[in-house]
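The structure under discussion appears below in the form of structure tokens.
In the working numbering, the protein residues as written are 1 to 74.
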């Protein structure tokens, strides 16, 4: 049996449109030095085909791909 459900760092199931909170400061490559801070709320995520990644729009970065190990469901 394969587990093809996207889960956050705490094991909660994520769905399209959910809001998540970052659990670690993340430097965004190719964004001119933007750093996303721990605790920042990211709204309206989108699931990708990969269970370890989600897509979101934050600050000045559009189409940002985040690893699910760095987010928790808000």
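Yeah, the Cβ is synthetic: ideal placement off N, Cα and C, and Gly gets one too.
When we look at the beta-carbon of residue i and count the other beta-carbons within 10 Å, is it buried (16 or more) or exposed?
i	result
residue 8	buried
Take residue i and list the residues in its own chain whose beta-carbon comes closer than 7 Å to its own, dropping the five residues that flank it on each side.
i	result
residue 67	52, 53
The beta strand (DSSP E) that contains residue i, what's its start and end?
i	result
residue 54	53-58
residue 65	61-67
From the DSSP output, read off the bridge partner residues of residue i.
i	result
residue 21	41, 72
residue 14	According to DSSP, residue 14 bridges with nothing at all.
residue 35	27
In its own chain, which residues sit with a C-beta less than 8 Å from the C-beta of residue i, not counting the 5 before and 5 after it?
i	result
residue 69	9, 52
Quick check: residue i and residue j, are their CB atoms within less than 8 Å of each other?
i	j	result
residue 64	residue 6	no
residue 55	residue 45	yes
residue 62	residue 18	no
For residue i, which residues from the same chain have a beta carbon less than 6 Å from its beta carbon, with the 5 sequence-adjacent residues on both sides left out?
i	result
residue 37	25
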